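Numbering (the working numbering), first residue to last: 53 to 280.
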């Protein structure tokens with residue numbers, strides 16, 4: 053006989069009522085991800101004094117909202133300082149793991165391939181400028197975050213970009229950054245940065261293959277749109 057998550061509560065009808073934490077723990081321990089909900093996992097991180105309304109609120113937030121939570125904001129939600137610090141550390145851990153994730157892309161031959169290699173930038177709350185170094189077969193050698201903050205033509209300097217490319221003996225490069233707003237339309241500075249990098253790349257023999265702007269579930273390719 054199969055037992056669903058609703059049956060966990062029913063099974064306790066003949067015993068003392070179970071706490072929100074106990075029910076969440078049973079869902080996770082006995083049924084894993086089949087029935088456990090995000091609020092259940094949050095409840096276990098917070099501990100046995102977790103309140104349903106707080107867990108449900110946190111579970112309703114987007115990834116970006118969770119990433120941007122501070123310890124003080126968690127305390128304002130009703131968590132103790134110790135629990136807030138633990139939950140904050142869990143968020144940082146998830147963010148770190150996500151930033152370390154390298155999509156398994158054998159080669160980056162198209163704008164779509166390049167987009168999938170940098171799609172993880174969507175979860176960053178600040179504009180992040182990344183350089184991808186590729187070999188002659190379009191395989192990804194290495195990547196480096198060059199700058200984080202508002203991207204403009206004065207800040208993104210070709211020297212930093214091509215120093216990395218030269219150190220990695222790249223045959224060509226792809227650069228990318230995301231727009232936290234979700235709108236991937238290029239700004240005037242985006243186009244100017246692309247032109248400067250293309251010019252320097254041509255001069256030193258490491259061409260710029262594309263500049264990808266990552267938006268919310270979409271992207272803009274400078275190459276595809278005729279800016280390269």
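We put the beta carbon where it would ideally sit given N, CA and C, even for glycine.
Keep in mind the model is a prediction, meaning the values are calculated, not measured.
Option nearest residue i by Cα separation, candidates the options
i, options, result
"residue 190", "230, 134, 179, 260", "260"
"residue 114", "279, 175, 253, 192", "175"
"residue 170", "215, 192, 88", "192"
"residue 103", "71, 133, 116, 88", "71"
"residue 275", "227, 87, 80, 151", "227"
"residue 239", "81, 254, 212, 267", "267"
"residue 252", "212, 151, 97", "212"
DSSP three-state assignment for residue i, whether helix, strand or coil
i, result
"residue 279", "coil"
"residue 121", "coil"
"residue 53", "Below a pLDDT of 50, predicted positions are generally treated as unreliable, and residue 53, at 47, falls in that range; the measurement from the model is reported next regardless. Three-state DSSP puts residue 53 in coil, outside helix and strand."
"residue 265", "strand"
"residue 96", "helix"
"residue 132", "coil"
"residue 260", "strand"
"residue 71", "coil"
Proximal residues to residue i (C-beta, below 7 Å), its chain only, five neighbours per side dropped
i, result
"residue 194", "185, 220"
"residue 143", "118, 119, 121"
Residues of its chain near residue i, where Cβ-Cβ distance is below 6 Å and the 5 sequence neighbours each way are ignored
i, result
"residue 161", "190"
"residue 167", "264, 271"
"residue 107", "91, 94, 95"
"residue 33", "Residue coverage of the chain in this structure runs from 53 to 280, which leaves residue 33 outside it and unanswerable."
Which residues DSSP lists as bridging residue i, in chain order
i, result
"residue 272", "265"
"residue 110", "Looking at the DSSP assignment, residue 110 forms no beta bridge with any residue, so it has no partner."
"residue 180", "200"
Check: residue i C-beta below 6 Å from any heavy atom of the ligand ATP
i, result
"residue 150", "Among the ligands in the structure shown, none appear at all, so the ligand ATP cannot be discussed."
Every unbroken alpha helix (DSSP H) inside the region 183-232 [4 residues or more]: DSSP runs (the alpha helix (DSSP H)) wholly in the region 183-232: 210-219.
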